[in-house]
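Engineer:
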Amino acid sequence: MIGILLNPNAGKGKPVKFKERVKSVVNSLGYTPLFKCTKFRGHEKEVIEEFIGKKIKKIIIMGGDGTINESLRALIGKSTEILPLPMGSGDDYIRSIYGTTDIEVILNKLKKDEWKTFPVGEVKAGNEKYYFINGLGIGFDADVLVKMKNFRFKYLNGPMQYLMSIISTIFFYKANEITFISGDTVDKRKILLLTIGLGKFLGGGFMLLPKANPLKRKFDASIVNEVNKLIFFRLLPSAKNGNHLTSRYVKYIEGIESLIIKSKELIKFHLDGELMPVKYREIEVSIKNEGVKIIV
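Final position of the sequence shown in our numbering is 762; the numbers increase by one with none missing.
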(Lines of atoms letter the chains of each structure in order from A and count residues from 1; the text may use other names and numbers.)
(Lines give C-alpha, C1' and ligand atoms only; values in the text may rest on other atoms or scores of the structure.)
Protein backbone atom coordinates (compact mmCIF):
# COMPACT_ATOMS: atom_id res chain seq x y z
CA MET A 1 0.00 0.00 0.00
CA ILE A 2 1.14 3.55 -0.78
CA GLY A 3 -0.24 6.48 1.18
CA ILE A 4 -1.12 9.53 -0.90
CA LEU A 5 -1.55 12.84 0.90
CA LEU A 6 -3.53 15.21 -1.31
CA ASN A 7 -4.18 18.91 -0.74
CA PRO A 8 -7.23 19.64 -2.95
CA ASN A 9 -6.71 23.40 -2.66
CA ALA A 10 -3.11 23.53 -3.86
CA GLY A 11 -2.21 24.88 -7.30
CA LYS A 12 -5.78 25.83 -8.21
CA GLY A 13 -6.91 22.22 -7.82
CA LYS A 14 -4.01 20.57 -9.67
CA PRO A 15 -3.76 17.60 -7.21
CA VAL A 16 -7.41 16.72 -7.87
CA LYS A 17 -6.84 16.84 -11.64
CA PHE A 18 -3.86 14.47 -11.36
CA LYS A 19 -5.45 12.06 -8.87
CA GLU A 20 -6.45 9.44 -11.45
CA ARG A 21 -3.05 9.59 -13.17
CA VAL A 22 -1.25 8.98 -9.86
CA LYS A 23 -3.68 6.19 -9.01
CA SER A 24 -2.99 4.55 -12.38
CA VAL A 25 0.80 4.58 -11.90
CA VAL A 26 0.54 3.25 -8.34
CA ASN A 27 -1.79 0.43 -9.44
CA SER A 28 0.52 -0.47 -12.34
CA LEU A 29 3.33 -1.07 -9.84
CA GLY A 30 1.20 -3.49 -7.84
CA TYR A 31 0.45 -1.15 -4.94
CA THR A 32 -2.90 -0.20 -3.46
CA PRO A 33 -3.30 3.60 -3.21
CA LEU A 34 -4.73 5.09 -0.02
CA PHE A 35 -5.75 8.70 -0.63
CA LYS A 36 -6.18 11.13 2.24
CA CYS A 37 -7.12 14.78 1.65
CA THR A 38 -5.99 17.56 3.95
CA LYS A 39 -8.90 19.54 5.34
CA PHE A 40 -7.21 22.40 7.19
CA ARG A 41 -3.86 24.10 7.71
CA GLY A 42 -1.52 21.80 9.66
CA HIS A 43 -3.58 18.69 8.89
CA GLU A 44 -0.57 17.15 7.13
CA LYS A 45 1.00 15.96 10.38
CA GLU A 46 -2.16 14.12 11.40
CA VAL A 47 -2.45 12.41 8.01
CA ILE A 48 1.22 11.40 8.04
CA GLU A 49 0.84 9.92 11.53
CA GLU A 50 -2.16 7.94 10.32
CA PHE A 51 -0.11 6.51 7.44
CA ILE A 52 2.74 5.59 9.78
CA GLY A 53 0.25 3.93 12.13
CA LYS A 54 -0.88 1.76 9.22
CA LYS A 55 2.76 0.69 8.61
CA ILE A 56 2.83 2.37 5.21
CA LYS A 57 6.42 2.56 3.92
CA LYS A 58 5.94 4.88 0.93
CA ILE A 59 4.05 8.19 0.80
CA ILE A 60 3.29 10.41 -2.17
CA ILE A 61 2.66 14.08 -1.38
CA MET A 62 0.45 16.01 -3.79
CA GLY A 63 0.53 19.70 -3.01
CA GLY A 64 2.48 22.94 -3.06
CA ASP A 65 5.47 24.09 -1.03
CA GLY A 66 3.46 24.47 2.17
CA THR A 67 1.96 20.98 1.99
CA ILE A 68 5.29 19.38 1.10
CA ASN A 69 7.27 21.20 3.79
CA GLU A 70 4.74 20.41 6.53
CA SER A 71 4.65 16.75 5.49
CA LEU A 72 8.43 16.39 5.35
CA ARG A 73 8.86 17.96 8.79
CA ALA A 74 6.48 15.31 10.15
CA LEU A 75 8.70 12.62 8.58
CA ILE A 76 12.09 13.73 9.91
CA GLY A 77 13.98 10.68 11.17
CA LYS A 78 11.35 8.23 9.93
CA SER A 79 12.06 5.22 7.70
CA THR A 80 9.20 6.15 5.37
CA GLU A 81 10.15 6.90 1.75
CA ILE A 82 8.61 10.03 0.25
CA LEU A 83 7.81 11.15 -3.29
CA PRO A 84 6.78 14.84 -3.35
CA LEU A 85 4.96 15.94 -6.52
CA PRO A 86 5.09 19.60 -7.67
CA MET A 87 1.52 20.83 -7.63
CA GLY A 88 1.81 24.34 -6.26
CA SER A 89 2.76 27.66 -7.83
CA GLY A 90 6.39 27.86 -6.67
CA ASP A 91 7.57 24.30 -5.94
CA ASP A 92 10.94 25.59 -4.72
CA TYR A 93 12.11 22.50 -2.87
CA ILE A 94 11.23 20.14 -5.70
CA ARG A 95 13.14 22.33 -8.17
CA SER A 96 16.13 22.08 -5.86
CA ILE A 97 16.17 18.30 -5.42
CA TYR A 98 14.99 17.12 -8.85
CA GLY A 99 16.03 19.98 -11.13
CA THR A 100 12.58 19.88 -12.74
CA THR A 101 8.90 20.41 -11.92
CA ASP A 102 7.67 18.00 -14.60
CA ILE A 103 5.10 15.89 -12.75
CA GLU A 104 5.39 12.89 -15.08
CA VAL A 105 9.17 12.77 -14.82
CA ILE A 106 9.04 12.83 -11.02
CA LEU A 107 6.11 10.40 -10.76
CA ASN A 108 8.04 7.86 -12.85
CA LYS A 109 10.82 7.84 -10.23
CA LEU A 110 8.49 5.67 -8.19
CA LYS A 111 9.31 2.84 -10.59
CA LYS A 112 13.04 2.92 -9.77
CA ASP A 113 12.47 2.29 -6.05
CA GLU A 114 15.60 4.26 -5.04
CA TRP A 115 15.89 6.84 -2.27
CA LYS A 116 18.41 9.15 -0.60
CA THR A 117 18.44 10.78 2.80
CA PHE A 118 18.18 14.57 2.52
CA PRO A 119 19.30 16.81 5.38
CA VAL A 120 17.14 19.10 7.49
CA GLY A 121 18.05 22.46 8.99
CA GLU A 122 17.60 23.05 12.71
CA VAL A 123 17.14 26.47 14.32
CA LYS A 124 17.65 27.01 18.04
CA ALA A 125 16.00 30.19 19.29
CA GLY A 126 15.65 30.79 23.01
CA ASN A 127 14.34 27.53 24.45
CA GLU A 128 12.68 26.52 21.18
CA LYS A 129 13.76 24.40 18.23
CA TYR A 130 12.41 24.83 14.71
CA TYR A 131 13.13 22.89 11.52
CA PHE A 132 13.30 23.70 7.84
CA ILE A 133 13.63 21.61 4.72
CA ASN A 134 14.69 24.16 2.15
CA GLY A 135 15.71 27.56 3.48
CA LEU A 136 15.62 30.39 5.97
CA GLY A 137 15.23 34.08 5.22
CA ILE A 138 15.96 37.08 7.44
CA GLY A 139 15.09 40.72 6.83
CA PHE A 140 13.39 41.89 3.66
CA ASP A 141 12.32 38.36 2.71
CA ALA A 142 10.29 38.02 5.92
CA ASP A 143 8.69 41.46 5.42
CA VAL A 144 7.57 40.36 1.96
CA LEU A 145 5.79 37.36 3.47
CA VAL A 146 4.02 39.63 5.94
CA LYS A 147 2.82 41.69 2.99
CA MET A 148 1.64 38.57 1.16
CA LYS A 149 -0.23 37.39 4.23
CA ASN A 150 -1.97 40.69 4.92
CA PHE A 151 -2.60 41.87 1.37
CA ARG A 152 -3.38 38.97 -0.91
CA PHE A 153 -3.05 39.59 -4.63
CA LYS A 154 -5.65 36.89 -5.17
CA TYR A 155 -5.84 37.21 -8.95
CA LEU A 156 -2.14 36.42 -9.40
CA ASN A 157 -0.25 33.13 -9.21
CA GLY A 158 2.32 32.41 -6.49
CA PRO A 159 5.45 33.85 -8.16
CA MET A 160 3.58 36.98 -9.27
CA GLN A 161 2.10 37.40 -5.77
CA TYR A 162 5.61 37.24 -4.39
CA LEU A 163 6.91 39.72 -6.98
CA MET A 164 4.13 42.25 -6.28
CA SER A 165 4.75 41.90 -2.54
CA ILE A 166 8.47 42.57 -3.10
CA ILE A 167 7.75 45.75 -5.03
CA SER A 168 5.25 47.06 -2.48
CA THR A 169 7.55 46.22 0.46
CA ILE A 170 10.76 47.85 -0.76
CA PHE A 171 9.39 51.39 -0.39
CA PHE A 172 8.90 50.98 3.37
CA TYR A 173 11.62 48.53 4.35
CA LYS A 174 14.18 49.58 6.95
CA ALA A 175 17.44 47.61 7.00
CA ASN A 176 18.64 46.19 10.32
CA GLU A 177 22.18 45.46 11.42
CA ILE A 178 23.04 41.83 12.05
CA THR A 179 26.09 39.93 13.20
CA PHE A 180 26.79 36.74 11.25
CA ILE A 181 29.08 34.22 13.00
CA SER A 182 30.32 31.05 11.29
CA GLY A 183 33.49 29.35 12.52
CA ASP A 184 36.18 32.02 12.68
CA THR A 185 34.16 34.40 10.50
CA VAL A 186 32.39 37.30 12.20
CA ASP A 187 30.57 39.64 9.81
CA LYS A 188 28.63 42.67 11.06
CA ARG A 189 26.65 44.77 8.59
CA LYS A 190 23.30 46.31 7.68
CA ILE A 191 21.48 43.96 5.37
CA LEU A 192 18.61 44.02 2.96
CA LEU A 193 18.33 40.24 2.93
CA LEU A 194 20.06 37.19 4.38
CA THR A 195 19.19 33.81 2.88
CA ILE A 196 20.49 30.55 4.36
CA GLY A 197 19.56 27.24 2.84
CA LEU A 198 20.05 23.75 1.53
CA GLY A 199 18.22 24.22 -1.78
CA LYS A 200 18.82 26.57 -4.68
CA PHE A 201 15.32 28.01 -5.04
CA LEU A 202 13.25 30.10 -2.63
CA GLY A 203 10.51 32.70 -2.91
CA GLY A 204 8.59 31.05 -5.72
CA GLY A 205 11.31 30.19 -8.21
CA PHE A 206 14.05 32.70 -7.36
CA MET A 207 17.49 31.06 -7.51
CA LEU A 208 18.77 32.81 -4.40
CA LEU A 209 21.36 30.11 -3.60
CA PRO A 210 22.57 28.92 -7.03
CA LYS A 211 25.51 26.89 -5.70
CA ALA A 212 23.53 25.04 -3.01
CA ASN A 213 22.97 21.29 -3.09
CA PRO A 214 21.00 19.56 -0.30
CA LEU A 215 23.13 16.43 -0.55
CA LYS A 216 26.26 18.39 0.43
CA ARG A 217 24.78 18.43 3.96
CA LYS A 218 26.00 22.00 4.34
CA PHE A 219 24.34 25.39 4.03
CA ASP A 220 25.00 28.15 1.56
CA ALA A 221 24.26 31.77 2.45
CA SER A 222 23.61 34.88 0.41
CA ILE A 223 23.91 38.29 2.07
CA VAL A 224 22.54 41.31 0.23
CA ASN A 225 23.77 44.59 1.67
CA GLU A 226 21.52 47.55 2.33
CA VAL A 227 21.08 49.26 -1.07
CA ASN A 228 19.01 52.08 -2.48
CA LYS A 229 15.85 51.37 -4.46
CA LEU A 230 17.46 51.88 -7.86
CA ILE A 231 20.12 49.24 -7.18
CA PHE A 232 17.48 46.94 -5.70
CA PHE A 233 15.41 47.00 -8.88
CA ARG A 234 18.55 46.19 -10.86
CA LEU A 235 19.33 43.24 -8.61
CA LEU A 236 15.82 41.77 -8.53
CA PRO A 237 15.63 40.37 -12.09
CA SER A 238 19.12 38.87 -11.82
CA ALA A 239 18.08 36.87 -8.71
CA LYS A 240 15.63 34.87 -10.82
CA ASN A 241 18.53 32.99 -12.44
CA GLY A 242 21.16 33.34 -9.74
CA ASN A 243 23.07 36.09 -11.55
CA HIS A 244 22.83 38.44 -8.56
CA LEU A 245 26.04 36.85 -7.26
CA THR A 246 28.04 38.99 -9.66
CA SER A 247 26.97 42.15 -7.84
CA ARG A 248 29.41 43.81 -5.45
CA TYR A 249 26.50 44.28 -3.06
CA VAL A 250 26.07 40.54 -2.60
CA LYS A 251 28.26 38.24 -0.49
CA TYR A 252 27.96 34.50 -1.06
CA ILE A 253 29.27 31.86 1.35
CA GLU A 254 29.42 28.13 0.61
CA GLY A 255 29.74 25.04 2.79
CA ILE A 256 28.52 26.34 6.16
CA GLU A 257 28.14 23.70 8.86
CA SER A 258 26.60 25.96 11.51
CA LEU A 259 26.16 29.66 12.20
CA ILE A 260 24.81 32.17 14.69
CA ILE A 261 22.82 35.28 13.83
CA LYS A 262 22.62 38.14 16.34
CA SER A 263 20.83 41.48 16.25
CA LYS A 264 20.02 44.33 18.62
CA GLU A 265 16.53 44.29 17.13
CA LEU A 266 14.13 41.36 17.25
CA ILE A 267 14.86 39.08 14.30
CA LYS A 268 12.09 38.69 11.76
CA PHE A 269 12.64 35.43 9.88
CA HIS A 270 10.87 32.67 8.02
CA LEU A 271 11.51 28.95 7.55
CA ASP A 272 10.39 27.49 4.22
CA GLY A 273 8.11 30.48 3.74
CA GLU A 274 6.47 30.22 7.17
CA LEU A 275 6.93 33.22 9.45
CA MET A 276 8.38 32.43 12.87
CA PRO A 277 7.63 34.26 16.16
CA VAL A 278 9.30 37.69 16.26
CA LYS A 279 10.75 37.46 19.76
CA TYR A 280 14.42 36.48 19.42
CA ARG A 281 17.61 38.51 19.12
CA GLU A 282 19.81 35.48 18.50
CA ILE A 283 19.30 32.28 16.55
CA GLU A 284 21.62 29.33 15.90
CA VAL A 285 21.37 27.35 12.66
CA SER A 286 22.79 23.85 12.11
CA ILE A 287 22.17 20.56 10.30
CA LYS A 288 19.98 18.12 12.19
CA ASN A 289 21.43 14.62 12.56
CA GLU A 290 18.28 13.02 11.18
CA GLY A 291 16.92 13.71 7.70
CA VAL A 292 14.11 12.65 5.37
CA LYS A 293 14.14 9.77 2.86
CA ILE A 294 13.14 10.99 -0.59
CA ILE A 295 12.63 8.77 -3.63
CA VAL A 296 15.05 9.77 -6.38
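Don't be surprised by glycine CBs; every beta carbon is placed ideally from N, CA and C.
Taking the beta carbon of D607 as the centre, do at least 16 other beta carbons fall within 10 Å, making it buried, or is it exposed?
Structural biologist: One-based indexing of the sequence shown puts residue 607 at position 141. Per the 10 Å Cβ criterion, buried.
Engineer: Give the list of continuous beta strand (DSSP E) stretches no shorter than 3 residues that lie fully inside the region 533–565.
Structural biologist: Correct list: 547–552.
Engineer: Do K613 and T635 have their C-beta atoms within less than 7 Å of each other?
Structural biologist: As a position in the sequence shown, residue 613 is number 147, starting the count at 1. As a position in the sequence shown, residue 635 is number 169, starting the count at 1. Going by C-beta atoms, K613 is nearer than 7 Å to T635.
Engineer: Relative to the alpha-carbon of I753, which residue among P550, E536, K684, G592 has its alpha-carbon at the smallest distance?
Structural biologist: As a working note, residue 753 is residue 287 in the sequence shown. That would be K684, whose Cα lies nearest to the Cα of I753.
Engineer: Using 8 Å as the cut-off, can you tell me whether the region 521–530 makes contact with the region 541–555, which would need three or more C-beta pairs spanning the two stretches below that distance?
Structural biologist: Enough Cβ pairs lie closer than 8 Å, so yes.
Engineer: Run the CB neighbour count on N616, radius 10 Å, all protein chains shown included, and call it buried at 16 or more, exposed below.
Structural biologist: In the sequence shown, counting from the first residue as 1, residue 616 sits at position 150. Its Cβ having fewer than 16 others within 10 Å, N616 is exposed.
Engineer: Taking contact to mean 3 or more Cβ pairs, one atom from each stretch, closer than 8 Å, check whether the region 511–529 and the region 558–566 are in contact.
Structural biologist: In short, these stretches do not touch, since the Cβ pair count stays below three.
Engineer: Between which two residues does the beta strand (DSSP E) harbouring K717 extend?
Structural biologist: The residue labelled residue 717 in the question sits at position 251 within the sequence shown. That run of the beta strand (DSSP E) goes 716–722.
Engineer: Starting from I753, follow the alpha helix (DSSP H) in both directions and report where the run begins and ends.
Structural biologist: Here residue 753 corresponds to residue number 287 of the sequence shown, with the count starting at 1. Counting along the chain, I753 falls outside any alpha helix (DSSP H), though it belongs to the beta strand (DSSP E) covering 748–753.
Engineer: Does the distance from the C-beta atom of A705 to that of F672 stay below 7 Å?
Structural biologist: To locate residue 705, count along the sequence shown from 1; it is residue 239. To locate residue 672, count along the sequence shown from 1; it is residue 206. Yes, the pair counts as a contact, with Cβ atoms nearer than the cut-off.
Engineer: Between the C-alpha atoms of M630 and L741, what's the straight-line distance to the nearest angstrom?
Structural biologist: What you label residue 630 is simply residue 164 of the sequence shown in a count that begins at 1. What you label residue 741 is simply residue 275 of the sequence shown in a count that begins at 1. Rounded to the nearest angstrom, the two C-alpha atoms are 18 Å apart.
Engineer: Among the residues of its own chain, which have a CB less than 6 Å from the CB of F698, if the five just before and after it don't count?
Structural biologist: Position 232 of the sequence shown, counting from 1, holds the residue named residue 698. Here the set comprises I636.
Engineer: Determine whether the beta carbon atoms of N642 and E731 lie at a separation below 7 Å.
Structural biologist: Locating residue 642 in the sequence shown gives position 176, counting from the first residue. Locating residue 731 in the sequence shown gives position 265, counting from the first residue. Contact flag set, yes.
Engineer: Which value, in whole angstroms, describes the spacing of the CA atoms of S648 and I727?
Structural biologist: Reading the sequence shown from its first residue, position 182 is the one you call residue 648. Reading the sequence shown from its first residue, position 261 is the one you call residue 727. Going by the C-alpha atoms only, they are around 9 Å apart.
Engineer: Taking the alpha-carbon of E756 as reference, which of I719, R507, R539 has the nearest alpha-carbon?
Structural biologist: The residue you call residue 756 lines up with position 290 of the sequence shown. Of the listed residues, the one whose Cα sits closest to E756 is R539.
Engineer: When you compare only the Cα positions, how much space is there between I689 and N600?
Structural biologist: If you number the sequence shown from 1, residue 689 lands on position 223. If you number the sequence shown from 1, residue 600 lands on position 134. Between I689 and N600, the C-alpha separation is close to 17 Å.
Engineer: What are the boundary residues of the beta strand (DSSP E) that includes P481?
Structural biologist: Locating residue 481 in the sequence shown gives position 15, where the first residue counts as 1. Premise fails: P481 lies in the alpha helix (DSSP H), 480–483, not in any beta strand (DSSP E).
Engineer: Mapping the DSSP letters down to three states, classify A591 as helix, strand or coil.
Structural biologist: Translated into the one-based positions of the sequence shown, residue 591 becomes position 125. The answer is strand: DSSP assigns A591 an E or B state.
Engineer: Assign L675 to one of three DSSP states: helix, strand, or coil.
Structural biologist: The count along the sequence shown starts at 1 and reaches residue 675 at position 209. Three-state DSSP puts L675 in coil, outside helix and strand.
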